[in-house]
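See below for the structure under consideration.
There are 2 protein chains.
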Amino acid sequence: MKIDFDGIQAFVAIAELGGFSKAAEQLHVTQTALTRRVQKLESYLGLRLLDRTTRYVELTVVGREFLPQARSIVSEMTNAVGRLKDMSRNAKGSLTIACIPTMASHALPAVMRRYTAAYPGNRIRIIDASAVEVRNAVLHGQAELGIGIPTERHPDLQETQMLEEPYMFFCREEHPLSRQKSITWADLREAELIVISGLSANRVFLDYQLARRGISIAGAYEVQHLSTAIGLVAAGVGTAILPSSTLEDGARPGLCRIPLIGPVIKRKITLLRRRNATLSPAASAFHALLIERE
Amino acid sequence: MKIDFDGIQAFVAIAELGGFSKAAEQLHVTQTALTRRVQKLESYLGLRLLDRTTRYVELTVVGREFLPQARSIVSEMTNAVGRLKDMSRNAKGSLTIACIPTMASHALPAVMRRYTAAYPGNRIRIIDASAVEVRNAVLHGQAELGIGIPTERHPDLQETQMLEEPYMFFCREEHPLSRQKSITWADLREAELIVISGLSANRVFLDYQLARRGISIAGAYEVQHLSTAIGLVAAGVGTAILPSSTLEDGARPGLCRIPLIGPVIKRKITLLRRRNATLSPAASAFHALLIERE
DNA sequence: CGGCTTTATTGCGATTTGCGCATTACTTGG
DNA sequence: CCAAGTAATGCGCAAATCGCAATAAAGCCG
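Top line first, the protein sequences correspond to chains A and G. To convert, note that position 282 of the first sequence is 282 in our numbering; the numbers rise steadily by one, no gaps. To convert, note that position 3 of the second sequence is 1003 in our numbering; the numbers rise steadily by one, no gaps.
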């Protein structure tokens, strides 16, 4: 036979309010229904929980013993379900998103501001890591959403392109090339390039695109992170080819950002999520904000 | 809408066994039923708890968060109901009984032995107190059963007579009356009686019975408890009129117990319980043993 | 790559459960 | 002894739930 939550809830309400009628009102059912629920529960258990006359209701010894447990069951249940409905109705809940560092400081902040305004109280955890780590975080469920650049395909991963950004040339103002409106790849012969490590998805992508066009570049220095590269450029060590969003125009005095053409090469920023994995309402709302602006 | 325990139970089983079919087997329903339960729960909550294909079942983010709570709800419920059914089926549970001291050491022990043999593990708490206290303990629900002597009637109290025992005369062997086979009340003129306090139900009853018959006795000493009276008799202070069960024949060397006749006056031992108060199965079983032997 | 196996879902009919209304039964206070 | 208040019951209806059979979908393996 099936376990009867209604009966227990009825029992608790009756015991606490001291009567069937009052309990019925609170539970929004008729008193008849409560009578039946209690009868069913008692007959299922094989013992009486309430001694009742038409005049008063009183707990039996067993009922008195059971009441605290019953109360706890009911409240635990009610709370849990309430929380879930709240998550569903108001997209409440915390949210983890993985993101490559450039985007974390470029595209994300605006969305985060709008999200927090719309759903205050939701905790957001950002895993800022390399594109490969972003991919894995999404794949293994550590993050519900990921923002990165295309990497190795995986059948369980679903990618949506969000935006594209060109690679640009970064140098100091006193650099010989800094006055040009645009620069071609051929101009980079002796540019003392700081390049990103071959383990980076950025580098893999860039190499692939250049190789397709028969272009090759040589790096004098190699680092792991874009931010380090920018730092070295600023320090006068050399120049670098980096995604445009690595640094906003004029964000750092003394540094120039110059379009690279012939050809223009762009990297795609993609939004990652696991295929067949339902997003939590909180993540779903964030997802909506992300794709709404493209 | 109504809270759905079945759905949660299904969810937990599926999550833990990793599939609808296995869970269905454990819950003794068809797999179809589980599909429906989960669907109903999810649509009620407005969110998905399980991502499932025909090949595997996996928790969603929300489901993963909810699982521990759900598990705790289910196990708490299952345990609580299990305990209650155990109480009902096997008369498990603890039991409190109030009893006047003489009966606690006279009639009770045999019943307790049989009870413990039949229902091992049940804790028995005995409130050994005066007849008035026994009455109140039962009346106020501190004890489910009471063994005492008739006191003031109360509409909520139900009394069943268990046995009767005569008052007898107690003295030391060297006492002049100790050789008689029986003693009449008239013989007690100069017996140096130790009597029980007038607050005792015993005394009230005895006085009433004697007065009805125009007999009066005078006490030289007065104590509260029967056991104290016996002690004083043994110490040679005087003699006493006490219920026969106060001391078994020969239980204390040097003391005599002699029938009092002309007339024989007996006190009734009654079993008390609250009217309209259902006994716990444990108490009910004890009650059955008590009245079975009359 | 196409059939095969496995597993969840759906359509449908039958049964059961649960509810509310109206009425009854019972207790108690005046 | 009557009146008021409260729980229980008879009855009929509505909805939920289930099981069976058929269907759909996803990976496995030859």
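Positions of the beta carbon are idealized from the N, C-alpha and C atoms, including for glycine.
Inset, instruction - Check the Cβ of P281 (chain A) against every Cβ in chain G and list those closer than 7 Å, keeping chain order. - result: Under the 7 Å cutoff, chain G gives L1047.
Legend entry - Exposure of D4 (chain A), with buried meaning 16 or more beta-carbon neighbours within 10 Å: The residue is buried, with at least 16 neighbouring Cβ atoms inside 10 Å.
Legend entry - Test item: CB-CB of P959 (chain G) and S1244 (chain G) under 8 Å: In the structure as shown, chain G begins at 1001 and stops at 1294. Residue 959 (chain G) is therefore absent and cannot be evaluated.
Inset, instruction - Indicate whether L1017 (chain G) and L84 (chain A) have their beta-carbon atoms separated by less than 8 Å. - result: No. Outside cutoff.
Legend entry - Selected residue, minimal CA-CA separation from T1116 (chain G), among G:A1285, G:E1173, G:L1145: The shortest C-alpha to C-alpha distance from T1116 (chain G) to any of G:A1285, G:E1173, G:L1145 is the one to G:A1285.
Inset, instruction - Take E1173 (chain G) and list the residues in its own chain whose beta-carbon comes closer than 8 Å to its own, dropping the five residues that flank it on each side. - result: Taken in chain order, the residues that qualify are G1254, L1255, C1256.
Inset, instruction - Would you identify the three-state DSSP class for V195 (chain A), choosing helix, strand or coil? - result: Here DSSP, grouped into helix, strand and coil, assigns V195 (chain A) to strand.
Inset, instruction - In the DSSP assignment, find the unbroken beta strand (DSSP E) run with P1150 (chain G) in it and report its ends. - result: No residue range can be given for P1150 (chain G), since it is assigned to no beta strand (DSSP E) and is classified by DSSP as neither H nor E.
Legend entry - Per-residue burial, S130 (chain A) [other beta carbons within 10 Å of its own, 16 or more giving buried]: By the neighbour-count rule (16 or more Cβ atoms within 10 Å), S130 (chain A) is buried.
Inset, instruction - Output the distance between the C-alpha atoms of T30 (chain A) and T54 (chain A), rounded to the nearest integer angstrom. - result: One C-alpha to the other measures close to 16 Å.
Inset, instruction - Could you tell me whether the segment 262–272 of chain A touches the segment 153–169 of chain A, where touching means 3 or more Cβ pairs closer than 8 Å? - result: Because the criterion of three Cβ pairs below 8 Å is met, the segment 262–272 of chain A and the segment 153–169 of chain A touch.
Inset, instruction - Apply the 10 Å Cβ neighbour rule to L280 (chain A) and answer buried if 16 or more other Cβ atoms are within range, or exposed otherwise. - result: Looking at the sequence shown, residue 280 (chain A) is not Leu but Ser. The residue in question, S280 (chain A), is buried, as its Cβ has 16 or more Cβ neighbours within 10 Å.
Inset, instruction - Could you check what DSSP says for E190 (chain A) in three-state terms: helix, strand or coil? - result: In this structure, E190 (chain A) counts as coil in the three-state DSSP scheme.
Inset, instruction - With a cut-off of 8 Å on the beta carbons, I'd call L157 (chain A) and L145 (chain A) a contact; round off their distance for me. - result: Between L145 (chain A) and L157 (chain A) the Cβ distance is about 12 Å, and since that is not below 8 Å, they are no contact.
Inset, instruction - Would you list the one or two residues that DSSP bridges to A1240 (chain G)? - result: Under DSSP, A1240 (chain G) takes part in a beta bridge, and its partners are G:F1170, G:I1194.
Legend entry - Rounded straight-line distance, which links the Cα of A1288 (chain G) to that of A1118 (chain G): Our two residues, A1118 (chain G) and A1288 (chain G), have alpha carbons roughly 12 Å apart in a direct line.
Legend entry - Cα-Cα separation, E65 (chain A) to A1282 (chain G): Note on geometry: alpha-carbon atoms of E65 (chain A) and A1282 (chain G) lie some 13 Å from one another.
Legend entry - Short Cβ contact (8 Å threshold) for T60 (chain A) with L49 (chain A): The answer is yes: Cβ separation under 8 Å.
Inset, instruction - With 8 Å as the limit, tell me which residues of the segment 174–195 of chain A have their beta carbon closer than that to any beta carbon of chain G; keep them in chain order. - result: Residues: none.
Inset, instruction - Give me the Cα-Cα distance between A10 (chain A) and N1079 (chain G), rounded to the nearest whole angstrom. - result: Going by the C-alpha atoms only, they are around 19 Å apart.
Legend entry - Residue range of the unbroken alpha helix (DSSP H) whose run includes Y208 (chain A): Residues 201–212.
Inset, instruction - Measure from the alpha carbon of Q142 (chain A) to the alpha carbon of each residue in A:I127, A:P155, A:G148, then state which is nearest. - result: In terms of Cα proximity to Q142 (chain A), the closest of A:I127, A:P155, A:G148 is A:I127.
Legend entry - Through-space distance from T160 (chain A) to A251 (chain A), alpha-carbon basis: Rounded to whole angstroms, A251 (chain A) to T160 (chain A) spans 29 Å at the Cα level.
Inset, instruction - Could you check what DSSP says for V1138 (chain G) in three-state terms: helix, strand or coil? - result: Assigned with DSSP and collapsed to three states, V1138 (chain G) falls in helix.
Legend entry - Secondary structure of P1101 (chain G), DSSP reduced to three states: DSSP places P1101 (chain G) in helix when its eight states are reduced to three.
Legend entry - Contact check, Q209 (chain A) vs I265 (chain A), beta carbons under 8 Å: Yes; because the gap between Cβ atoms is below 8 Å, this pair is in contact.
Inset, instruction - For S302 (chain A), decide whether its Cβ has a neighbour in chain G, counting only Cβ atoms nearer than 8 Å. - result: Residue 302 (chain A) lies beyond the range of chain A shown here (1 to 294); nothing can be said about it.
Inset, instruction - Going by CA-CA distance only, name the one from G:A1191, G:D1207, G:E1190 that's closest to G1198 (chain G). - result: Taking G1198 (chain G) as reference, the option from G:A1191, G:D1207, G:E1190 with the minimal CA-CA separation is G:D1207.
Legend entry - Straight-line gap, L1091 (chain G) to G1082 (chain G) (C-alpha atoms, nearest Å): Reading off the sequence, residue 1091 (chain G) comes out as Ala, not Leu. Spanning the two alpha carbons is a distance of roughly 13 Å.
Legend entry - First through last residue of the beta strand (DSSP E) which encompasses D1128 (chain G): First-last of the beta strand (DSSP E) with D1128 (chain G): 1124–1128.
Legend entry - E133 (chain A) versus L95 (chain A) - alpha carbon distance: Cα to Cα, E133 (chain A) sits roughly 18 Å from L95 (chain A).
Inset, instruction - Check each candidate in G:T1278, G:I1291, G:E1292, G:R1273 and name the one with the smallest Cα separation from R1135 (chain G). - result: Nearest option by C-alpha distance: G:R1273.
Legend entry - Per-residue burial, S1216 (chain G) [other beta carbons within 10 Å of its own, 16 or more giving buried]: It is exposed - the Cβ of S1216 (chain G) has fewer than 16 other Cβ atoms within 10 Å.
Inset, instruction - With V1223 (chain G) as the anchor, note down where its alpha helix (DSSP H) starts and where it stops. - result: Premise fails: V1223 (chain G) lies in the beta strand (DSSP E), 1219–1223, not in any alpha helix (DSSP H).
Inset, instruction - Under 6 Å Cβ to Cβ from A1191 (chain G), same chain only, skipping five residues before and after it: list those, please. - result: Only residues of its own chain outside the window of five on either side were considered, and among them T1239 have a CB closer than 6 Å to the CB of A1191 (chain G), listed in chain order.
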